[in-house]
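All letters in the sequence shown, in the order written, are residues 5 to 132 by the working numbering.
Where is the CB? At the ideal position from N, CA and C, for every residue including glycine.
So the structure is just underneath, and the comments pick up after that.
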Amino acid sequence: MNQQANRPLSPHLQIYRWQISMLTSIAHRASGIVLSLGSVFLAVWLIAAASGPEAFAGVNGFAASWFGQLLMFCWSFALFYHLCNGIRHLVWDVGVGLDLETAKLTGYVAIGVAAALTLFVWIWALIA
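Here you go:
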């Protein structure tokens with residue numbers, strides 16, 4: 005701490021007010037981690053399928069449970085969010101949408117479209 009001014013030497017999260025750009029940046033990184041973990045589960049599921057009916061039944065039983073379905077729902081949201089926010093970043097790479105208002109709007113759009121795609125896919129999967 006800076007004793008003379010009685011304040012921290014560098015800004016931190018208690019100083020800054022949360023903004024959509026902070027949320028989308030953190031969520032993009034977190035969704036990448038969730039996608040990695042989901043890919044490990046997908047690999048386990050495929051290995052179990054190749055290992056025989058008993059192994060597959062165990063892993064597939066977990067995937068079909070309420071907890072497994074919840075994890076897959078979260079994984080699918082992470083997939084769609086990472087996709088939408090990645091497209092947002094690709095648009096930024098060409099120099100479009102970098103002003104604060106557009107960046108804020110596209111952050112909300114990325115979250116909304118990801119939520120809509122997740123719901124659409126899950127409703128479609130449950131009906132079909």
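- In terms of Cα proximity to residue 23, the closest of 111, 85 and 87 is 111.
- In the three-state reduction of the DSSP assignment, residue 100 falls in the coil class.
- The residue from 60, 80, 57 and 87 with its alpha-carbon nearest to that of residue 122 is 80.
- Along the region 56 to 80, the alpha helix (DSSP H) occurs as fully enclosed runs of 4 or more residues at 57 to 68, listed in sequence order.
- Restricting attention to 34, 19 and 94, the CA atom closest to the CA of residue 82 is found in 34.
- Straight across, the Cα-Cα distance linking residue 46 with residue 109 is about 34 angstroms.
- Secondary structure at residue 126: helix, using DSSP grouped into helix, strand and coil.
- Here residue 85 is not near residue 131, since their CB atoms are 8 angstroms or more apart.
- In this model, residue 103 and residue 28 are separated by some 16 angstroms (Cα to Cα).
- The three-state secondary structure of residue 21, taken from DSSP, is coil.
- Taking a cut-off of 8 angstroms for Cβ pairs, the region 37 to 45 and the region 65 to 79 touch, as three or more such pairs fall below it.
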